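Numbering (the UniProt record's numbering), first residue to last: 1 to 192. Beta carbons: idealized from backbone N, C-alpha and C, even for Gly. Since we're looking at a predicted model, the values are computed, not measured.
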Amino acid sequence: MGNAKSSAMSKVILEDLKLNTRFTEDELSQWYENFQKQCPSGRITPDEFSKIYERFFPDSDTTSYAQHVFRSFDTNDDGTLDFKEYIIALHMTSTGKTERKLEWAFSLFDVDKNGYITKTELKEICKAIFKLIPKEEQEKLPDDENTAEKRADKLWSFFNKKENDRLAEGEFIQGILDNEDALHFIQYEPQK
Ligand SMILES: [Ca+2]
Ligand SMILES: [Ca+2]
C-alpha cells in the first residue's frame with residue numbers, strides 16, 4: 001500500500017524526509033495525503049497557519065505567536081510553507097529530541113534570522129508566548145512571572161549576559177539545558 005501512496009510524493013523529497021526525520025515512508029505518505037486534502041495548493045499561507053493556532057488555543061490571542069512560528073518554519077523565506085517545511089517543522093516541534101527542539105526555539109527567537117538573539121528579540125517572543133496563556137491562567141502566575149517583561153528579564157538572566165549582549169545558538173541551547181526553569185518560558189503548553 002505504501003507504494004501507491006508514495007508515488008504521489010516526489011521521490012527526492014521522500015528520501016530527504018526519511019533521512020532528516022524519524023518518520024517512516026508510510027507515515028510520510030499518510031501525512032502527505034492529509035496535507036493535500038487540507039491544502040490542495042500544496043502550500044500553507046500565513047493565514048491558514050494562523051487558523052490552525054486559533055483552533056489549538058481558542059481562549060488566547062495567537063496572532064503574533066503564529067506569525068513568529070510561521071517565519072521560523074519558512075526556511076526559504078518565500079512566504080508559504082511547503083510540505084517539506086511543514087514536515088520538518090512537525091518533526092522538530094513534536095517528535096524530535098530536546099536538542100532539535102531547542103535549535104528550533106533558537107530560530108523562533110532569532111527574529112531577524114541573523115544568527116544571534118538580542119534581548120529585544122527575546123522580549124518580542126516572550127510577549128507572543130505570554131499572549132498564548134489564557135487570562136485566567138495569567139492571573140495565577142507567580143509575581144515575578146506574571147508579565148511578558150518580567151518573564152523576558154528572568155529568561156535573559158539565565159544566560160549571564162549584559163543587557164546589550166547577544167546570544168549565539170550554542171549559548172542559547174546550553175543556557176536552557178543548564179536551567180530547568182528556563183524551558184517553561186520558551187514554550188506554552190495548554191493545561192487540560
Ligand atoms: Ca517556504
Ligand atoms: Ca537576531
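Could you give the C-beta distance for I44 and L81, rounded to a whole number, given that I count them as a contact under 8 Å?
Sure, about 4 Å apart at Cβ, within 8 Å.
Under the DSSP definition of a beta bridge, which residues are partnered with I117?
DSSP, once it has assigned bridges, lists L167 as partnering I117.
State the Cα-Cα distance for the pair F185 and Q38, rounded to the nearest angstrom.
Straight-line Cα distance between these residues: approximately 32 Å.
Looking at ligand 2, does it come within less than 8 Å of T118, judged from the CB to the closest heavy atom?
Checking the Cβ of T118 against ligand 2 gives yes.
Could you tell me if T62 is buried or exposed, where buried requires 16 or more neighbouring beta carbons within 10 angstroms of its beta carbon?
T62 comes out buried.
Using 8 Å as the cut-off, classify the Cβ of E48 as near or not near the heavy atoms of ligand 1, replying yes or no.
No, the beta carbon of E48 sits no closer than 8 Å to any heavy atom of ligand 1.
By DSSP, does R22 sit in helix, in strand, or in coil?
R22: coil per DSSP, three-state reduction.
At a cut-off of 8 Å, is E171 close to ligand 1 when judged by its beta-carbon and the heavy atoms of the ligand?
Answer for E171: no, Cβ out of range of ligand 1.
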